[in-house]
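Participant: Encoded as structure tokens, here's the structure I'll be asking about.
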Amino acid sequence: MNLFFLTTFSIFLGCTDKETEDKKPTIDLATVQKSLKGDLAKAESANKEHQKEFPDDPNVLTGAAYLAAMRGEPGKAGDLLRKAEKGSGDVKSLYLRQAIVAIKAGDSSEVVRDLADKSGTNYGNLLCAEIDIMEDEDPDAIKERLEELQGTEFEEVAQRYIALLDREDGIDLAVAHAGWALGKNYGVVLSNFNLGAEILDGSNESDAQMLLVWAGRAIQEKNYDMAGMWMKKVSKQSGLLEERRIATKAILHCLKSPSSSNCEKKISRLKISSGLKHATKLTSARGLIESNPSIAKKLLEGTKGATSAYYWYQLGDVSKAEDAAEETNVLDFLE
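If you read the sequence shown in the working numbering, its first letter stands for residue 1, the second for the next number, and so on.
If you want it as structure tokens, here you go:
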């Protein structure tokens with residue numbers, strides 16, 4: 001479940017032990033937080049109670065759809081969203097959520113595009129553009145759609161797509177970015193990027209940043225050889241970008257040599273910011289949870305936040321998970 005999906009649903013969970021004075025369900029961030037960390041039991045229980053009292057309330061139904069999606073049941077989530085649509089005053093946002101569920105369910109591009117377009121939202125417009133990129137539609141028409149996102153919260157990502165489409169032989173890179181955003185087969189998406197990576201210059205700041213982002217994605221998919229190949233293209237940078245290069249190299253080294261018990265010490269000695277060091281430990285721990293849980297635990301010691309808590313849950317240490325989550329703000333996790 002990626003942040004793209006979580007962010008879109010989170011504020012509509014509709015699961016809580018509290019109710020407003022008119023006895024309508026309200027949002028309980030603590031319950032949302034438990035859901036995001038994978039502890040769905042309380043959220044499910046609260047939502048079922050609300051369904052008994054408010055079976056047709058769109059907030060409750062949307063919350064149930066969110067939970068169904070978290071369980072990997074996009075079909076059921078879609079059915080619940082369609083039911084919620086009948087009583088909702090915010091039909092556009094429901095169309096958008098239906099589009100996202102359709103993506104998760106593997107529905108056709110036509111179905112997803114139709115729902116996204118009907119939403120009339122900026123996010124829906126971006127989804128349509130990304131689908132058109134994947135479908136190899138007219139680049140000028142795609143850029144025209146992306147231009148409509150100027151001055152919106154999606155201006156930066158729209159400009160990134162436009163720059164790629166304007167770049168000679170940049171279509172493979174654009175397809176890779178769109179495929180990743182839409183949650184397509186990540187192995188295929190990485191291969192698409194690899195085709196486009198041939199034109200990237202690792203000494204150029206923007207190209208180096210792109211290579212680092214995709215090396216991180218390859219690491220996430222445990223394709224360490226591909227990540228290493230892209231890292232070799234990135235020359236020494238400056239400032240934060242250089243810190244990211246150092247951090248990514250450390251993560252890759254740690255995961256390619258999981259038997260190395262000094263992984264945590266090496267990361268602790270890196271000359272990078274504390275925040276990036278924290279993220280480096282978390283990313284390395286995620287990759288080692290299954291292959292070397294003892295080292296993953298060493299890396300997680302002292303880390304805080306919802307991500308850390310979720311990894312402790314995966315490692316079976318509920319107490320450490322609760323400690324890590326104490327200072328967590330669910331909205332920080334969703335940003």
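Note that CB positions come from ideal geometry on N, CA and C, so glycine has one too.
Below 6 Å CB to CB, which residues in the same chain sit around I199 once its five sequence neighbours on both sides are set aside?
Facilitator: Cβ neighbours of I199 within its own chain (closer than 6 Å, five residues either side excluded): D169.
Participant: If I measure Cβ to Cβ from T152 and keep anything under 7 Å in the same chain, skipping five residues before and after, which residues do I get?
Facilitator: N122
Participant: Should L211 go down as buried or exposed, given a rule of 16 or more other Cβ atoms within 10 Å for buried?
Facilitator: buried
Participant: Determine the burial state of P74: buried for a count of at least 16 other Cβ atoms within 10 Å of its Cβ, exposed for fewer.
Facilitator: buried
Participant: When we look at the beta-carbon of P58 and count the other beta-carbons within 10 Å, is it buried (16 or more) or exposed?
Facilitator: buried
Participant: Quick check: what's the CA-CA separation for E301 versus M231?
Facilitator: 28 Å
Participant: CB-CB under 8 Å to S109, same chain, minus the five flanking residues each way: which ones, in chain order?
Facilitator: I131, M134, E135
Participant: For S119 versus A102, is the C-beta spacing smaller than 8 Å?
Facilitator: No, the pair does not count as a contact, with Cβ atoms beyond the cut-off.
Participant: When the distance is taken between beta carbons, is L149 closer than 8 Å to I164?
Facilitator: The displayed chain sequence assigns Leu, not Ile, to residue 164. No, they are not a contact pair.
Participant: Mind checking which residues open and close the alpha helix (DSSP H) that includes E168?
Facilitator: For E168, there is no enclosing alpha helix (DSSP H), as DSSP marks it with neither H nor E.
Participant: Given a cut-off of 8 Å on the beta-carbon distance, is the pair L146 and A129 in contact?
Facilitator: yes
Participant: So S273 and E243 are supposed to be a Cβ contact under 8 Å. How far apart are they, rounded?
Facilitator: 6 Å
Participant: Tell me the DSSP secondary structure of V234 in three-state form.
Facilitator: coil
Participant: Taking the alpha helix (DSSP H) that A65 belongs to, which residues open and close that run?
Facilitator: 58 to 70
Participant: Taking all protein chains shown into account, do 16 or more other C-beta atoms lie within 10 angstroms of the C-beta of G63, making it buried, or fewer, making it exposed?
Facilitator: buried
Participant: Enumerate, from N- to C-terminal direction, the unbroken beta strand (DSSP E) stretches of 3 or more residues contained entirely within the region 125 to 210.
Facilitator: none
Participant: Does DSSP put Y123 in a helix, in a strand, or in coil?
Facilitator: The DSSP-derived three-state label of Y123 is helix.
Participant: Since I believe A247 is in contact with L276 (beta carbons under 8 Å), could you give me their beta-carbon distance rounded to a whole number of angstroms?
Facilitator: Indeed they touch by this definition, with Cβ atoms about 5 Å apart.
Participant: Where does P422 fall in DSSP's three states?
Facilitator: Within the shown structure, residues of the chain are numbered from 1 to 335, placing residue 422 beyond reach of any answer.
Participant: Quick check: the Cα distance between R97 and D138, rounded to an integer number of angstroms?
Facilitator: 26 Å
Participant: What's the call for N185, buried or exposed, on a 16-neighbour Cβ count within 10 Å?
Facilitator: Sixteen is the threshold: since fewer than 16 other Cβ atoms of the shown chains lie within 10 Å of the Cβ of N185, the residue is exposed.
Participant: So L288 is in the alpha helix (DSSP H); what residue range does that whole segment cover?
Facilitator: In the DSSP annotation of this structure, the continuous segment of the alpha helix (DSSP H) that includes L288 starts and ends at 274 to 288.
Participant: Anyone know if the C-beta pair for Y313 and A306 falls short of 8 Å?
Facilitator: no
Participant: Find the nearest neighbour of A197 within the set Q220, S257, E221, R167, judged by alpha-carbon distance.
Facilitator: Selection Q220, S257, E221, R167 evaluated against A197 yields R167 as nearest (Cα-Cα).
Participant: How many Å lie between L29 and K48 at the Cα?
Facilitator: In this prediction, L29 scores a pLDDT of 46, lower than 50, which makes its location untrustworthy; the coordinate-derived value is nonetheless stated afterwards. Taking the straight line from one Cα to the other gives about 17 Å.
Participant: If you measure between the beta carbons of G124 and D114, is that distance less than 8 Å?
Facilitator: In this structure, D114 does not lie closer than 8 Å to G124 by Cβ.
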